[in-house]
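**Student:**
Residue numbers (the working numbering): 172 to 282.
#1: Could you give the residue range of the alpha helix (DSSP H) that holds residue 237?
#2: Have a look at 262, 214, 196 and 219 and flag the residue whose alpha-carbon is nearest the alpha-carbon of residue 233.
#3: Is it right to say residue 183 is buried, meaning 16 or more other beta carbons lie within 10 angstroms of its own, or is it exposed?
#4: So which of 271, 278 and 277 has the shortest CA-CA distance to residue 223?
#5: Tell me which residues share the same chain as residue 240 and place their Cβ nearer than 7 Å to its Cβ, disregarding the 5 neighbours each side in the sequence.
Given below as structure tokens:
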């Protein structure tokens with residue numbers, strides 16, 4: 172699961188560009204909305220079934236996002252969008268750690 176998340180974070184821009192080119196226009200936007208709703212529902216169910224693994228996946232996603240941001244960081248300067256992504260990645264990691272802790276508390280093995 173973690174490797175799939177890392178792959179999607181690293182390859183998502185190319186995948187989305189390819190789909191946008193093939194589908195195009197308003198249909199692409201509606202396809203994207205449908206995908207977001209579908210993926211969001213699957214993620215919600217995943218969290219309800221296993222909060223610990225959901226938290227671990229969030230941590231991996233946050234780390235992969237930071238790798239992607241660092242990979243595209245402009246030489247000799249910074250951009251506001253990169254800083255927003257850094258803050259968002261840190262927030263995702265923090266949420267993942269919190270979900271792991273909550274899962275451990277619920278199972279009685281809190282750290």
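From the three backbone atoms N, C-alpha and C, an ideal C-beta is built for every residue, glycine too.
**Tutor:** The structure says:
#1: 222-242
#2: 262
#3: exposed
#4: 271
#5: 253, 256, 257 and 260
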